[in-house]
Amino acid sequence: MKSKLNIFFDGKKKTNQPLTPWEEAQRKREKNFSKKSSKKKRIGTKLPKLVAQRKSKLKKKLIINFVVFGIITLASLYFILPISKVKEVKVIGVDKVTQKAIRQASNIGKDDYLFQIGLEKKNLSMRIEKKVSEVKQTNVSIAGRLVILKVVKAKIIGYLERDNNYFALNNKGSASIVQRSTPEGNVPILTNFKSSSEIKLLAVQMNGLTPSLLDGISEIDATPVNVNPERIKVYMNDGNEIIATLSTFAKKMQYYPQIKAKSTGKIKIDFEVGAYSTNLK
0 MKSKLNIFFD
10 GKKKTNQPLT
20 PWEEAQRKRE
30 KNFSKKSSKK
40 KRIGTKLPKL
50 VAQRKSKLKK
60 KLIINFVVFG
70 IITLASLYFI
80 LPISKVKEVK
90 VIGVDKVTQK
100 AIRQASNIGK
110 DDYLFQIGLE
120 KKNLSMRIEK
130 KVSEVKQTNV
140 SIAGRLVILK
150 VVKAKIIGYL
160 ERDNNYFALN
170 NKGSASIVQR
180 STPEGNVPIL
190 TNFKSSSEIK
200 LLAVQMNGLT
210 PSLLDGISEI
220 DATPVNVNPE
230 RIKVYMNDGN
240 EIIATLSTFA
250 KKMQYYPQIK
260 AKSTGKIKID
270 FEVGAYSTNL
280 K
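Position 243 of the sequence shown, counting from 1, maps to 242 under numbering that gives the first Met the number 0, and the rest follow consecutively.
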């Protein structure tokens, strides 16, 4: 069995002797001590960098907390101060009666928050256009504490008469919530139309008329009878009268100019079945 040798210098002599158990233990202790001291040195060189990194992270956290706190403070101040709320609603593009209806339909009140109006612009426009038939399109903008509703008018094809009040009917067959004592513009007065389906059909037929024919109508009156529940009577601005069926009204009216040209006086035209005229008494 080979024994471990102790190699050392004694002065200038080099001797080889087996290690005693005590010497072997001492050598292991010295090796372990040298390893620990080298590790301590390596860790010690990293400490300044670790301290700098911790300071940097702490600084970033402080900055983030300061920014968040600042934002919360500013937002709280904004909601408390009057600058965050509506002062006035201005409507542009329609008459005063319709302006009032639009303000009511918008449901915007003083002290409503401006940021909410900004977020709900699209829904606000749709709500106004649905409730007020005179409105085709609404552009919502905010200037300071002023909410501006710029309106594009819808095409009005007539006014529905109900209890001596008049309600605008647009080309989509939607009746206005605006109640007027007199109709506006040169459009027909529509009387005795009851159901929404009947009114929608009337709008479809009137959209099928040429502008000159539409401008020539003074009044359209629903006059249903048992044999023809869609019977209508039309009064023209030129004094002529027409009896027609609602669902075929636009198609039959294209013959009106020809029939009128052949007459010498005021006439009554019947479009219910065919197309014939008689003189008015």
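Every residue, glycine too, gets a C-beta built ideally from N, C-alpha and C. Since this is a predicted model, take the numbers as computed values, not measurements.
Checklist entry - For residue 115, which residues does DSSP report across the bridge? => result In DSSP, residue 115 forms no bridge with anything.
Checklist entry - Taking all protein chains shown into account, do 16 or more other C-beta atoms lie within 10 angstroms of the C-beta of residue 263, making it buried, or fewer, making it exposed? => result exposed
Item to check | residue 162 (DSSP reduced to helix, strand or coil) | outcome: coil
Item to check | residue 270 burial status per 10 Å Cβ neighbour count (16 or more: buried) | outcome: buried
Item to check | Where the beta strand (DSSP E) containing residue 220 begins and where it ends | outcome: 216 to 221
Next on the checklist: Could you tell me the alpha carbon to alpha carbon distance between residue 129 and residue 274, rounded to whole angstroms?
Outcome noted: 39 Å
Checklist entry - Smallest Cα separation from residue 115: which of 135, 140, 188, 279? => result 140
Checklist entry - If we ignore side chains and look at the alpha-carbon of each, how far apart do residue 59 and residue 66 end up? => result 11 Å
Next on the checklist: What residue range does the beta strand (DSSP E) around residue 230 cover?
Outcome noted: 230 to 235
Checklist entry - Comparing alpha-carbon positions, which option in 195, 220, 253 lies nearest residue 210? => result 253
Checklist entry - According to the neighbour-count rule (16 or more other Cβ atoms, all chains shown, within 10 Å of its Cβ), is residue 151 buried or exposed? => result exposed
Checklist entry - Straight-line CA distance for residue 217 to residue 95? => result 25 Å
Checklist entry - Going by C-alpha distance, which of 181, 100, 256, 154 is nearest residue 148? => result 100
Checklist entry - Quick one: is residue 98 buried, meaning 16 or more other Cβ sit within 10 Å of its Cβ, or exposed? => result buried
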